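These notes concern the structure reproduced below.
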Amino acid sequence: MSTLKIPVGPEDHVQGSADAECTLVEYGDYECPHCAHADPIVKRLQRHLGKRLRFVFRNFPLSQLHPHAEAAAETAEFAAARGKFWEMHDLIFENQSSLSLALFEKLAQQLGLSSADLLDALNRKEYEARVRADFTGGVRSGVNGTPTFFINGQRHNGPFEYEDLLAAIEPAGR
Amino acid sequence: MAAILTPGTLAPEFSLSVTPDQKLALRELRGNPVILAFYPADWSPVCGDQMALYNEVLPEFQKFHAELLGISVDGVWCHEAFAQNRKLRFPLLADFEPKGAVARAYGAYRDQDGICERALFVLDKDGVIAWSYCSPIAVNPGADGILDALERLPKQE
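In order, the protein sequence lines correspond to chains A and B.
Following the working numbering, the numbering of the first sequence begins with 1 at its first residue and continues without gaps.
Following the working numbering, the numbering of the second sequence begins with 1001 at its first residue and continues without gaps.
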């Protein structure tokens, strides 16, 4: 059984309280269609479970397969450094069919961030190490594709439709 | 599930096609750790694909100077198309004729299906199996076991 080797910490992007009964960690790739499919499912779980659920998103870009995945992840980290991680995270998934540098610039502007600063950060690979750290931590925890979910530290194997995740989360929270 | 070769065993020698006109022999890689990843077939679904994952993890394997070889019963032309499509940066070997002979030597062949098991072997620099693992056929085993095994190998001078 694969377990989460990197505990949730201050560097993480977190929604919900540390006292929540259940912590759901997702390793995801912004260009992966299965991750885009999972995004509204996670939101529905959050609505249903409320304070009982804490959600954490970590980067796992399969960048050889997905040419925009790395830049997308770095764009989300750029926004995170300016307090807009979840806004950018959602916008990128909503626009998955048209990922491009021009789109990332447009999304930055939409969130009131400087697109020039974004381009500069991407050129200087300012957030590359951060994204790679998420990735390697995921590999060591047994992430074997995207999305991979961990429920209270245990890897969730198998399908990840709403009912599957809810059924896996409910006993974990008791 | 087949009984795969266990740690301490000298890895059986082989020479397999790596491109339509090139062969690779295991003994050529002596001196560095080798990862053998037997897998059932090219062209399994994209984002959860084991070879695509290893392609991304390659820099971590290279920190240990380890060579990764993917092995299945698919032929060289199939491997070539698959490797190009997934932009794989490591060799895929064709255990094609006699079919599955190398997989059989490692105990990693599924007679009932005519394909390789999802079996992993980490060999030390002398070609001795240091770690092996056979995953349920439908489960991508990830790379954590390989990295743990590489970490446990004696440090190279």
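The C-beta atom is built at its ideal place from N, Cα and C for all residues, glycine as well.
These numbers were taken from a predicted model, which means no experiment stands behind them.
At what residues does the beta strand (DSSP E) containing residue 1023 (chain B) begin and finish?
Working through the second sequence from its first residue, we reach residue 1023 (chain B) at position 23. That run of the beta strand (DSSP E) goes 1022-1025.
Quick check on the DSSP output: what are the complete alpha helix (DSSP H) runs of length 4 or more inside the segment 98-132 of chain A, in order along the chain?
Those alpha helix (DSSP H) runs which fall completely within the segment 98-132 of chain A and span 4+ residues are 101-110 and 115-123.
Excluding the 5 residues flanking residue 1026 (chain B) on each side, which residues of the same chain have their C-beta closer than 6 Å to its C-beta?
The residue you call residue 1026 (chain B) lines up with position 26 of the second sequence. So the list reads 1013 and 1014, once near-sequence residues are dropped.
I need the straight-line Cα distance from residue 29 (chain A) to residue 1131 (chain B), nearest angstrom please.
As a working note, residue 29 (chain A) is residue 29 in the first sequence. As a working note, residue 1131 (chain B) is residue 131 in the second sequence. If you take the alpha carbons of residue 29 (chain A) and residue 1131 (chain B), they lie about 30 Å apart.
Would you mind giving the Cβ-Cβ distance between residue 1150 (chain B) and residue 1066 (chain B), rounded to the nearest angstrom? I have them listed as a contact below 8 Å.
The residue labelled residue 1150 (chain B) in the question sits at position 150 within the second sequence. The residue labelled residue 1066 (chain B) in the question sits at position 66 within the second sequence. Rounded, the Cβ-Cβ distance is 6 Å, consistent with contact.
Report the residue from B:1030, B:1021, B:1016 and B:1007 whose alpha carbon sits nearest the alpha carbon of residue 1127 (chain B).
Taking the second sequence and counting its residues from 1, the one referred to as residue 1127 (chain B) is at position 127. Closest option to residue 1127 (chain B), Cα to Cα, is B:1030.
Let me check understanding here. Comparing Cα to Cα, which of B:1112, B:1032, B:1018 and B:1076 lies closest to residue 1137 (chain B)?
Taking the second sequence and counting its residues from 1, the one referred to as residue 1137 (chain B) is at position 137. Checking every option, the nearest Cα to that of residue 1137 (chain B) belongs to B:1112.
Please state whether DSSP places residue 1004 (chain B) in a helix, a strand or coil.
Along the second sequence, one-based indexing puts residue 1004 (chain B) at 4. Reduced to three states, the DSSP call for residue 1004 (chain B) is coil.
The beta strand (DSSP E) that contains residue 1019 (chain B), what's its start and end?
Here the question's residue 1019 (chain B) lines up with position 19 in the second sequence. Here the beta strand (DSSP E) through residue 1019 (chain B) covers 1015-1019.
Taking a cut of 7 Å between CB atoms, which residues from the segment 131-149 of chain A lie near chain B?
Going along the segment 131-149 of chain A in chain order, one finds 136, 139, 140, 141, 142, 143, 144, 145 and 146 with a Cβ nearer than 7 Å to chain B.
So which residues of chain A does residue 1086 (chain B) contact, with C-beta pairs closer than 9 Å?
Position 86 of the second sequence holds residue 1086 (chain B). Ordered by position in chain A, the residues that pass the 9 Å Cβ test against residue 1086 (chain B) are 64 and 65.
Given residue 35 (chain A), which residues of its chain have a CB within under 6 Å of its CB, disregarding the five upstream and five downstream residues?
Taking the first sequence and counting its residues from 1, the one referred to as residue 35 (chain A) is at position 35. These residues qualify, in order along the chain: 28, 29, 146 and 147.
Can you tell me which of the three DSSP states residue 28 (chain A) falls into?
What you label residue 28 (chain A) is simply residue 28 of the first sequence in a count that begins at 1. Here residue 28 (chain A) sits in strand by DSSP.
Rounding to the nearest angstrom, what Cα-Cα distance links residue 6 (chain A) and residue 1122 (chain B) in this structure?
In the first sequence, counting from the first residue as 1, residue 6 (chain A) sits at position 6. In the second sequence, counting from the first residue as 1, residue 1122 (chain B) sits at position 122. The alpha-carbon atoms of residue 6 (chain A) and residue 1122 (chain B) are separated by roughly 24 Å.
Determine, using beta carbons only, whether residue 160 (chain A) and residue 4 (chain A) come nearer to each other than 7 Å.
One-based indexing of the first sequence puts residue 160 (chain A) at position 160. One-based indexing of the first sequence puts residue 4 (chain A) at position 4. No, these two residues do not count as a Cβ contact at 7 Å.
What distance in whole Å lies between the Cβ atoms of residue 1051 (chain B) and residue 1075 (chain B), which are believed to be in contact at a cut-off of 8 Å?
Numbered from its first residue, the second sequence carries residue 1075 (chain B) at position 75. Numbered from its first residue, the second sequence carries residue 1051 (chain B) at position 51. Not really, about 16 Å apart at Cβ, beyond 8 Å.
Would residue 1129 (chain B) and residue 1011 (chain B) qualify as a contact pair, given that the criterion is a beta-carbon distance under 7 Å?
Along the second sequence, read from residue 1 onward, the residue named residue 1129 (chain B) stands at position 129. Along the second sequence, read from residue 1 onward, the residue named residue 1011 (chain B) stands at position 11. A contact, by the Cβ cut-off of 7 Å.
Which residues does DSSP pair with residue 148 (chain A) in a beta bridge?
Numbered from 1 along the first sequence, position 148 holds the residue referred to as residue 148 (chain A). Partner(s): A:27.
Quick check on DSSP: helix, strand or coil for residue 1043 (chain B)?
Along the second sequence, one-based indexing puts residue 1043 (chain B) at 43. Coil at residue 1043 (chain B), not helix or strand.
From the beta carbon of residue 1143 (chain B), is the nearest beta carbon of chain A less than 7 Å away?
If you number the second sequence from 1, residue 1143 (chain B) lands on position 143. Output row for residue 1143 (chain B): interface = yes.
Please return the same chain residues whose Cβ sits closer than 8 Å to the Cβ of residue 41 (chain A), not counting the five positions on each side in sequence.
Within the first sequence, the letter at position 41 stands for residue 41 (chain A). Excluding positions up to five away in sequence, the list reads 160, 161, 162 and 165.
Residue 83 (chain A): buried (16+ other C-beta within 10 angstroms of its C-beta) or exposed?
Here residue 83 (chain A) refers to the residue found at position 83 when the first sequence is read from its first residue. Classification of residue 83 (chain A): exposed, given that the 10 Å Cβ count is below 16.
Would you call the segment 9-21 of chain A in contact with the segment 54-72 of chain A, where contact means no fewer than 3 C-beta pairs closer than 8 Å?
Segments in contact, yes.
List the residues of chain B whose Cβ lies closer than 8 Å to the Cβ of residue 2 (chain A), in chain order.
Residue numbering aside, residue 2 (chain A) sits at position 2 when the first sequence is read from its first letter. The contacting residues are 1142 and 1144.
Under 8 Å, CB to CB, which of the residues in the segment 148-163 of chain A have a partner in chain B?
Against chain B - using a Cβ distance shorter than 8 Å - the residues of the segment 148-163 of chain A are 157.
Which residue spans inside the segment 1036-1085 of chain B form an unbroken alpha helix (DSSP H) run of at least 4?
Those alpha helix (DSSP H) runs which fall completely within the segment 1036-1085 of chain B and span 4+ residues are 1050-1062.
Would you list, in chain order, the members of the segment 1109-1143 of chain B that have their beta-carbon closer than 8 Å to a beta-carbon of chain A?
For the segment 1109-1143 of chain B, which is checked against every Cβ of chain A, the residues closer than 8 Å are 1139, 1140, 1141, 1142 and 1143.
Would the segment 1076-1088 of chain B and the segment 1036-1044 of chain B be scored as touching if the rule is three or more Cβ pairs under 8 Å?
With a cut-off of 8 Å, the segment 1036-1044 of chain B and the segment 1076-1088 of chain B count as touching, because enough Cβ pairs lie within range.
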